[in-house]
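Q: First residue of the sequence shown? That's 42 in this note's numbering, and the numbers climb one at a time after it. Think of the CB as a built atom: it goes at the ideal place given N, C-alpha and C, for glycine as much as any other residue. These figures come from a predicted structure and were not determined experimentally.
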Amino acid sequence: MSVVGTSTAPDGLDVRAFPADAIDPDQLPDGLVVADEYGRVVRFNAAAARITAVSAADALGRPLEKALPLEDLEGRRWWQLTDPYGGLAIRVRQPERNLLLPGGREVLVAARYVRDEPLGPLRRLVVTLRDTDARRRTERSHAELIATVAHELRSPLTSVKGFTATLLAKWERFTDEQKRLMLETVDADADRVTRLIAELLDISRIDSGRLEVRRQPVDIGAAVGRHIQAHVAAGQPADRFLLRVEHPLPALWADPDKVDQVLSNLLENAVRHGAGTVTIDVTPAPSPREGEETATSVTVSDEGPGIPEESMNRVFTRFWRGSKRGGTGLGLYIVKGIVEAHGGTITVGRAPGGGARFRFTLPVSAPAYLA
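Shown next, in the form of structure tokens:
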């Protein structure tokens, strides 16, 4: 018994547009259960068997409420509650909702009522099942993000509030040097809050695919040099950095602010978490984008302890921290999003000196009006 022509797939694809032999239900990513006009299961695909832990052989031919004994979150039997065969004849579907399988496992269920004519008897009931694991991972990630943000905001805001309240209440009691010290602390903590808000905005844009890239000519060697000078001005010894630029480099069109953000994060990680000499190599490379021959590659490596092999695949995920020395764990996630928004790639590995090595490659590209 073919189910093609009776349902709309969960992603909105109308399967009626395909011939009956074009779709194998066992190839569908979601569970598909079909009951006939008598309420007996006539189709139970492989995904349904995986999600429910019931084999197709055990489900086929059984009454739907026994093959798929669903309950709502209040413990009520779902098929008795909705009564698809004896209920209102005007109903054509059940919207997706969370229901419970035996044992309490949650599953997302939607249903389509198929009738030969409007208000006619139900000829077929098509049910789709989806696992809730992906949704739970998303919800857990959002909860972790909120908790991290709350924790990171609490410290600087407490400091800002404490120092400003103290200055307002006891201004005359402090020397100019003490006032200056407290105001510098407030300024630094305000910068922390600003950086965190900027990170949250970047994550939002990356996750929604709305991260804009405004391409301009970028001198990547000069950009790296500026970041090295900033670290030297902040107290790092100049001989800790080694910059090697291979010429000629292809003309690079990229978003200079976002390239600076990538470089800042990678060099900061190497300085803070690595050791020894921080080496930055800027070289031509094969383009990661089809139709282009050349790209620009930047490799940042250090001589520290490196990243454990078992952690390599988690480096660019949210909240990963290479050590316990502060940070939100969001920086490398944002770096990866920025590089990929440019059409580039980024990898992590072990440097020749034993430390961490990050390498990102950007296609040379060009604005559309120059292409």
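Is the beta carbon of Thr324 less than 9 angstroms from the beta carbon of Leu283?
A: No, these two residues do not count as a Cβ contact at 9 angstroms.
Q: Measuring straight from C-alpha to C-alpha, what distance separates Thr173 and Glu137?
A: Between Thr173 and Glu137, the C-alpha separation is close to 12 angstroms.
Q: Mind checking which residues open and close the beta strand (DSSP E) that includes Asp157?
A: That residue, Asp157, is in no beta strand (DSSP E); it is neither H nor E in DSSP.
Q: Just list the alpha helix (DSSP H) runs in the stretch 82-134, keeping only unbroken ones of 4 residues or longer that don't cross its boundaries, in chain order.
A: Listed in chain order, they are 87-93, 97-100, 105-108, 119-123.
Q: With a threshold of 8 angstroms, are at least 3 pairs of Cβ atoms found where one atom belongs to the stretch 241-261 and the other to the stretch 213-223?
A: Contact between the stretch 241-261 and the stretch 213-223 is absent, because fewer than three Cβ pairs lie under 8 angstroms.
Q: How do the stretch 66-78 and the stretch 152-168 stand: do at least 3 beta-carbon pairs fall below 8 angstroms, yes or no?
A: Yes, the stretch 66-78 touches the stretch 152-168.
Q: May I ask which residues mark the beginning and end of the beta strand (DSSP E) holding Ile387?
A: Run containing Ile387: 386-391, per the beta strand (DSSP E) assignment.
Q: Could you tell me the distance, in whole angstroms, from the CA atom of Arg103 to the CA atom of Val82?
A: Taking the straight line joining both Cα atoms gives about 6 angstroms.
Q: By how many angstroms is the C-alpha of Leu194 removed from the C-alpha of Arg246?
A: Using only the alpha carbons, I get a separation of about 20 angstroms.
Q: For Val155 and Ser249, what's the separation of their Cα atoms in angstroms?
A: Those two C-alpha atoms are separated by around 36 angstroms.
Q: Look up Arg313 in the DSSP assignment and say whether it is helix, strand or coil.
A: Of the three classes helix, strand and coil, the one that applies to Arg313 here is helix, per DSSP.
Q: Using the three-state DSSP reduction, which class does Arg146 fall into: helix, strand or coil?
A: Note: Arg146 maps to coil in three-state DSSP.
Q: Report the rounded CA-to-CA distance for Leu403 versus Gly385, giving the unit in angstroms.
A: Distance between the alpha carbons of Leu403 and Gly385 is about 5 angstroms.
Q: What are the start and end residues of the alpha helix (DSSP H) that includes Gln219?
A: Unbroken alpha helix (DSSP H) run through Gln219: 217-249.
Q: Use the C-beta contact count for Asn139: other C-beta atoms within 10 angstroms, 16 or more gives buried, fewer gives exposed.
A: Asn139 comes out exposed.
Q: Apart from the five residues just before and just after Val273, which ones in its own chain have a Cβ nearer than 8 angstroms to its Cβ?
A: If we look at Val273 and ignore the five residues flanking it on each side, its Cβ neighbours are Ala279, Phe282.
Q: With a CB to CB cut of under 7 angstroms and the five nearest residues on each side skipped, what residues in its chain are close to Leu304?
A: Within the same chain, Leu304 has close Cβ partners Ala264, Val265, His268.
Q: To the nearest angstrom, report how far apart Gly396 and Val286 are at their CA atoms.
A: One C-alpha to the other measures close to 21 angstroms.
Q: Determine the burial state of Gly144: buried for a count of at least 16 other Cβ atoms within 10 Å of its Cβ, exposed for fewer.
A: Under this definition Gly144 is an exposed residue.
Q: With which residues is Gly394 paired in a DSSP beta bridge?
A: DSSP, once it has assigned bridges, lists no residue as partnering Gly394.
Q: Under the rule that 16 or more other beta-carbon atoms within 10 Å means buried, what is Ile131, buried or exposed?
A: Its Cβ having fewer than 16 others within 10 Å, Ile131 is exposed.
Q: By Cβ distance below 8 angstroms, which residues in the same chain neighbour Lys107 in space, the five residues on each side in sequence not counted?
A: So no residue of the chain qualifies.
Q: Between Val405 and Arg330, what straight-line distance do the alpha-carbon atoms span, to the nearest angstrom?
A: Whole-angstrom Cα-Cα distance: 10 angstroms.
Q: May I ask you to report which of helix, strand or coil DSSP gives Ile261?
A: Note: Ile261 maps to helix in three-state DSSP.
Q: With DSSP run on the structure shown, which of helix, strand or coil describes Trp361?
A: Residue state, collapsed to three classes: coil.
Q: Helix, strand or coil, according to DSSP, for Asp67 in the structure here?
A: Looking at Asp67 - three-state DSSP - the assignment turns out to be helix.
Q: Quick check on the burial criterion: 16 or more other C-beta atoms within 10 angstroms. Buried or exposed for Thr235?
A: Classification of Thr235: exposed, given that the 10 Å Cβ count is below 16.
Q: Let me check understanding here. Comparing Cα to Cα, which of Leu224, Arg398, Glu185, Gly347 lies closest to Pro197?
A: Closest by alpha carbon: Leu224.
Q: Return helix, strand or coil for Val74, following the three-state DSSP convention.
A: Residue state, collapsed to three classes: strand.
Q: Rounded to a whole number of angstroms, what is the C-alpha to C-alpha distance between Asp99 and Leu170?
A: Using only the alpha carbons, I get a separation of about 17 angstroms.
Q: Might you give, ordered along the chain, the residues of its own chain that have their beta carbon closer than 6 angstroms to the beta carbon of Val168, omitting 5 neighbours on each side?
A: Here the set comprises Val74, Ala152.
Q: I'd like to know if the stretch 342-352 and the stretch 297-317 are in contact, where contact means that at least 3 CB-CB pairs between them fall below 8 angstroms.
A: Counting Cβ pairs under 8 angstroms, three or more are found: they touch.
Q: Pick helix, strand or coil for Asp280, following the three-state DSSP scheme.
A: Three-state result, Asp280: helix.
Q: Going straight from the alpha carbon of Arg84 to that of Thr358, what length do you get?
A: Going from the Cα of Arg84 to the Cα of Thr358 covers about 39 angstroms.
Q: Would Leu101 be called buried (16 or more neighbouring beta carbons within 10 Å of its own) or exposed?
A: Classification for Leu101: exposed.
Q: Using CA coordinates, which residue listed in Arg91, Arg233, Pro297, Ala392 is at the minimum distance from Ile321?
A: Taking only the C-alpha atoms, the option nearest Ile321 is Ala392.
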